[in-house]
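Number of protein chains: 2
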Amino acid sequence: MTATRVLLDESEIPTQWYNVVADMPNPPAPPLGPDGKPIGPEALAAIFPMALIEQEVSRERWIPIPEPVRSAYRLWRATPLHRAHRLEQALGTPAHIYYKYEGASPAGSHKPNTAVAQAYYNAQVGIRRLSTETGAGQWGSAIALAGQLFGIEVRVYMVRVSYEQKPFRRSLMETWGARVIASPSRSTNAGRAILERDPESPGSLGIAISEAVEEAASRADTNYSLGSVLNHVLLHQTVIGLEAKRQFEKIGEYPDAIFGCCGGGSNFAGVAFPFFADKAAGKKVRLVAVEPTSCPTLTRGNYAYDFGDTAGLTPLMLMYTLGHDFIPSRIHAGGLRYHGDSPLVSQLVHEGLVEAIAVPQLATFEAGVTFARTEGILPAPETNHAIRAVIDEALECKQTGEPRVLFFNLSGHGHFDMAAYDQYFRGELDDYELPEQEIAASLERLPKTG
Amino acid sequence: MTATRVLLDESEIPTQWYNVVADMPNPPAPPLGPDGKPIGPEALAAIFPMALIEQEVSRERWIPIPEPVRSAYRLWRATPLHRAHRLEQALGTPAHIYYKYEGASPAGSHKPNTAVAQAYYNAQVGIRRLSTETGAGQWGSAIALAGQLFGIEVRVYMVRVSYEQKPFRRSLMETWGARVIASPSRSTNAGRAILERDPESPGSLGIAISEAVEEAASRADTNYSLGSVLNHVLLHQTVIGLEAKRQFEKIGEYPDAIFGCCGGGSNFAGVAFPFFADKAAGKKVRLVAVEPTSCPTLTRGNYAYDFGDTAGLTPLMLMYTLGHDFIPSRIHAGGLRYHGDSPLVSQLVHEGLVEAIAVPQLATFEAGVTFARTEGILPAPETNHAIRAVIDEALECKQTGEPRVLFFNLSGHGHFDMAAYDQYFRGELDDYELPEQEIAASLERLPKTG
Chain A
71 MTATRVLLDE SEIPTQWYNV VADMPNPPAP PLGPDGKPIG PEALAAIFPM
121 ALIEQEVSRE RWIPIPEPVR SAYRLWRATP LHRAHRLEQA LGTPAHIYYK
171 YEGASPAGSH KPNTAVAQAY YNAQVGIRRL STETGAGQWG SAIALAGQLF
221 GIEVRVYMVR VSYEQKPFRR SLMETWGARV IASPSRSTNA GRAILERDPE
271 SPGSLGIAIS EAVEEAASRA DTNYSLGSVL NHVLLHQTVI GLEAKRQFEK
321 IGEYPDAIFG CCGGGSNFAG VAFPFFADKA AGKKVRLVAV EPTSCPTLTR
371 GNYAYDFGDT AGLTPLMLMY TLGHDFIPSR IHAGGLRYHG DSPLVSQLVH
421 EGLVEAIAVP QLATFEAGVT FARTEGILPA PETNHAIRAV IDEALECKQT
471 GEPRVLFFNL SGHGHFDMAA YDQYFRGELD DYELPEQEIA ASLERLPKTG
Chain B
71 MTATRVLLDE SEIPTQWYNV VADMPNPPAP PLGPDGKPIG PEALAAIFPM
121 ALIEQEVSRE RWIPIPEPVR SAYRLWRATP LHRAHRLEQA LGTPAHIYYK
171 YEGASPAGSH KPNTAVAQAY YNAQVGIRRL STETGAGQWG SAIALAGQLF
221 GIEVRVYMVR VSYEQKPFRR SLMETWGARV IASPSRSTNA GRAILERDPE
271 SPGSLGIAIS EAVEEAASRA DTNYSLGSVL NHVLLHQTVI GLEAKRQFEK
321 IGEYPDAIFG CCGGGSNFAG VAFPFFADKA AGKKVRLVAV EPTSCPTLTR
371 GNYAYDFGDT AGLTPLMLMY TLGHDFIPSR IHAGGLRYHG DSPLVSQLVH
421 EGLVEAIAVP QLATFEAGVT FARTEGILPA PETNHAIRAV IDEALECKQT
471 GEPRVLFFNL SGHGHFDMAA YDQYFRGELD DYELPEQEIA ASLERLPKTG
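Each protein sequence line maps, in turn, to chains A and B. Each residue of the first sequence is one higher than the one before, counting from 71 in our numbering. Each residue of the second sequence is one higher than the one before, counting from 71 in our numbering.
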C-alpha cells in the first residue's frame, strides 16, 4: 500500500516563489493606459505598494518569501498531498489520482497564500486599510484573516448574489474583523451608476472590483488588494505547486497532467506554473485549466485587450475576455464567475502551452458528490470543475488501460456552499450554456486599442 | 523559533487504542438493568455488534486498531499539533499553549475517529443500517461519512433546535448519503410521547437517543451507534491523545495541564486519557474537563445511577447527571447539551483524578474570537469552552510568571456555527445560569436503584 497523504515539515515550506515569466517563450504583453500606451509601474502606485508592483513586472525566476509571510504560512502549511485511492477504486481506473488539499487553511481555501503576502507588503509601507472585492467569499475571507494577522483594517465589496446566498461567509469575514459591503453599493460612483441602471443587479466580480479600486484610489490611507488575475497574485500561489513537486519527489511519482479550476487564474497557476518550468525544459506534462460552460472565458472568449473591471478603472490587459460588462448567470461557480482571466494564463493558452476546457454545472456537482462519498472531503463548487475533468480523464484511462498520473488542486472545502449542494439535490440547478449571440454582443463592446 | 506545527507521518498513526480502565484505581461501576441488577454484555447485543460490546467491558490496556479503520484514519490523520505562538503573544503569557487540530477531518471534528471504527465493526457482522442521534450535527456528520465509507445506510435523529439552526449540517449529512430526521419525530413511540406533551419541543440529546435506540431495538437489520458517553466511544477517541504524546516527545515538551470541552465526554477523554496513564504512574499532570454553566453536569449534577436517554430505554449508568428528563436551554453549546456524562469521566471526577469546571457562554465566544483573530482557525462553540479555560489559565501564568505548558483539543472548526457567532456579535446571546431549584426538581425524578 503506497501512501495516502504525503506531508512536508514546516522547514520544507518554500523559501522562494516561482515566477513563470522567466520561463515563458515570449515576454508578457504590457498593460495599457487609457491612451492605449503601455503603462509603467508608477501608474499602479496609488493602489499597490512598490514591492508588489515590482513583483508584477519582475522577470526574475525566483522571488524570496519574507520570513513574516512564511511565519503566517506555518499556521496551516505545508498542505498535504493526498493520493485518492478510494476514488480510483470507485472509478475502477488504473490512473493514479493525487490532490493537494488547500482547504486546510483557516479560511478553507488556497486564497490566504497571497492574502498574507499582500497584507504583509502593505503593512510594511504603513498602509492600515485595504479595500477589495469578493465573489463567493473565499477571497474576502482570506484577506480578512490576513488583515487581522498583520494589523490592517479590511473592507470587502461582496458580489450581491453571493452576499445573499452565503451569509455565513460574511459572518466569517466579520469574525476576523472585516467590514463587508454588498456590491453594487451606494458608497461608490461605480456602484451607484450600476444601481441606477438596474436596482436589482446581482452584481459581478467586475463591478465589485470597480468599487474597491475606486475606494482605494480616492483615499490616501487605503490600498487595493486583488485575489486573482494579476501576476503577483499568481506568483504567491506557486507555493502550492512548489510544495507538490517536493511531495511527488518523495514518493517517486510525477504527474502526466495537472488540473486546476480557473476563474481569475490564481488557483490554476498556483498548482501548475511550477511544473511549467519543467515543461519549458522539455519535460512532457499537460497543464489543464478547467472553467464553467456558463462563463467560458478561455474556451469561447476573445484574446484581446480589455479592462479588468466593469467601470473601466483598471489598465487594459491582454487576456481572454467575454467583455468587461459581461454579467455571468447566477450559477454557483462562485469565484469562476469572472469576465476575464489572468493575462499570464491567457497568454500560455493562446500560445498552446496550457490547455483549457469547459465543463457543465450538473456534471461538476455529480463529480463533487462522488468525491465526497469516496475521499470524505466535500469540495467547494469551484473545485468540482477540476474534479470533473480529472474523473473524465481517469475514466478515459480505464478505457485505454493507461496508468496516467493525474494531479489537481483541491482548492477549497465546500462547508460554506451547502446551499448550492442542496439546490443540486433538489434538482434546482441546470446546465446553462452561454448563447453565442450573447458572447458576440458583449465582445462588440470591447475597448478599441488602435 | 520553535515549531508551529508538529506533524506525524501516517506510519505513526497509533496501531492500538488506549483503555483507561486498565489504569483506574477502582473498576468501573457496572451498568444496571431495569431490575436494578448489573447487566451482562448480552443485554446490549440487540443494538451493538459483539466487538464493540467486548470493548465496552474490556480491562485490557491496549486494543488493536483494525487495518481498515487505520486506512480510513489515513484520509485525515495524524492531525497536527499546533503551538499557539500568536495567541501566547496576544495574551502576553509565559505559558506555552498547544492544541491538537481535530477540525482537519472531512466532517470538521474529532467525531469520525469513533464513527469509522463503529461503522467498520457493524459492517463486519453484516449490519447494513445504523440509527443514531446528533445534537449540533458533528456526530451525525461523522457517522454519515463513516457509513458511506463502509457501505452502511445511516439514519440520524437530529435535535430539532439544531435541525432548525443548522440546515447546512443536515445538507452535509445528506451529501454523504444519510437520512436526517428532526427529533422529536412522529416515527417512534418515544418521539410521539414527547410531542403529545409538548408539540413545540426543541428536542434534546436524551430524546433523540431514545428515538434512535427504539428504532435499532425494533428492527433486526439495524444497529445503534452512539457518538459519546460509552466506554468504547471514548476508547476510539484516544488516538488523539496518543498522537499528541508522540508529538510532544518529538519536541521535548510535556503538558502541565490538559483541557477538553465536555458534554458526553468523548472529546475530553480522547485527548486526556492517554496522559492519565502517566498520571497513574505518578507523573504530575492535570486533566481538566470544561462544561457550560447552562448545562453543568459534572460541576452541579448528582453522582448517581440514571438513564442515558429521556424515555429510559438505556441501561442505568453511574454518572454525573442533571436527571434524564432535563431539557437544557437553547444555548449554542451544541453537543455539550447533555443531561449526563460518560461514566468513566464521571468516576474519575468523583475520585478527584480529573478536574471539572464550568464556564459561561459569552466568555466562551469571546475566547473563540480571540483565538480566531490570532491563530486563524475559527473554532466550534463547543471547543470555545476549552479555549476559555486555557486563556484563563494562561492569564494566571502571566500573573505568576510561570511558563506552564497548556494543551487542549481543538475538537472542531466552527464553519457550520456562523449563525451562533452572528448572534454573539449582535448581542443576542446571554449567560444563562441554571437555577438551583430547576436542578433539584430534575434530580428528584432520578430513578430509584435500591
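Quick reminder that beta carbons are idealized off the backbone N, C-alpha and C, glycines included.
Asked                                                                                                                      : Found
Beta-carbon proximity of G340 of chain A to N183 of chain A, cut-off 8 Å                                                   : yes
Members of the stretch 445 to 456 of chain B near chain A, C-beta cut-off 8 Å                                              : E445, G446, I447, L448
is_contact[W246 of chain B, chain A] using C-beta, thresh 8 Å                                                              : yes
Same chain, Cβ closer than 7 Å to L122 of chain A, neighbours up to 5 away in sequence not counted                         : Q188, Y191, H302
I279 of chain B: first and last residue of the uninterrupted alpha helix (DSSP H) it sits in                               : 275 to 287
Given 8 Å, three or more beta-carbon pairs between the stretch 482 to 495 of chain A and the stretch 325 to 333 of chain A : no
Partners in chain A for P176 of chain B, counting only beta-carbon separations shorter than 9 Å                            : A442, E445, G446, I447, L448, H483
N- and C-terminal bounds of the alpha helix (DSSP H) containing T440 of chain A                                            : 431 to 445
Same chain, Cβ closer than 7 Å to L242 of chain B, neighbours up to 5 away in sequence not counted                         : S211
Simplified DSSP assignment, three categories, for I533 of chain A                                                          : Any question about residue 533 of chain A goes unanswered here, given that chain A covers just 71 to 520.
Distance CB(S543 of chain A)-CB(A381 of chain A) smaller than 8 Å                                                          : Any answer about residue 543 of chain A is impossible in this case: the structure gives chain A only from 71 up to 520.
C-beta contact flag for A359 of chain A and V299 of chain A at 8 Å                                                         : no
Interface flag, Y529 of chain B vs chain A, CB-CB below 8 Å                                                                : Lying outside 71 to 520, the shown extent of chain B, residue 529 of chain B is not represented and no answer is given.
Within 8 Å, strictly: CB atoms of L516 of chain A and A374 of chain A                                                      : yes
Extent of the continuous beta strand (DSSP E) to which D376 of chain A belongs                                             : 372 to 377
Buried or exposed by the 16-neighbour rule on C-beta atoms within 10 Å, applied to L465 of chain A                         : exposed
Given 8 Å, three or more beta-carbon pairs between the stretch 247 to 257 of chain B and the stretch 209 to 226 of chain B : yes
Minimum Cβ-Cβ distance from A510 of chain B to chain A less than 8 Å                                                       : no
DSSP-derived helix/strand/coil call for I328 of chain A                                                                    : strand
Contact with chain B by E172 of chain A, beta-carbon distance below 8 Å                                                    : no
L102 of chain B in three-state terms, based on DSSP                                                                        : strand
The stretch 133 to 150 of chain A / the stretch 440 to 448 of chain A touching (three or more Cβ pairs under 8 Å)          : no
Own chain, CB closer than 6 Å to T44 of chain B, minus 5 neighbours either side, in chain order                            : Outside the shown range of chain B, which is 71 to 520, sits residue 44 of chain B, and nothing can be said about it.
Completely contained alpha helix (DSSP H) runs for the stretch 288 to 367 of chain B, where each covers 4 or more residues : 301 to 321, 336 to 350
Expected contact under 8 Å - CB spacing of T78 of chain A and A148 of chain A to nearest Å                                 : The sequence shown places Leu at residue 78 of chain A, rather than the Thr named in the question. Rounded, the Cβ-Cβ distance is 4 Å, consistent with contact.
Anticipated Cβ contact below 8 Å, G311 of chain B with F343 of chain B, distance rounded                                   : 6 Å
Residues that DSSP places opposite R426 of chain A in a beta bridge                                                        : According to the sequence provided, residue 426 of chain A is Ala. The question's Arg does not apply to it. DSSP output for A426 of chain A lists A:A359 as bridge partner(s).
Same chain only: Cβ atoms within 8 Å of R129 of chain A, ignoring 5 sequence neighbours per side                           : N89, V91, A92, P97
Length of the line joining the Cα atoms of I135 of chain A and Q194 of chain A                                             : 14 Å
CB contact flag (A314 of chain B, L215 of chain B, <8 Å)                                                                   : no
Contact with chain B by T74 of chain A, beta-carbon distance below 8 Å                                                     : yes
A278 of chain A versus A:R256, A:I109, A:P385, A:A290, residue with shortest Cα-Cα distance                                : A:R256
Selected residue, minimal CA-CA separation from K181 of chain A, among A:T363, A:T444, A:T308, A:L157                      : A:T308
Chain-ordered neighbours of M488 of chain A on chain B, where CB pairs are closer than 7 Å                                 : F238, S241, L242
Cβ of D79 of chain A within 8 Å of any chain B Cβ                                                                          : yes
Under 8 Å between C-beta atoms of A428 of chain A and T369 of chain A                                                      : yes
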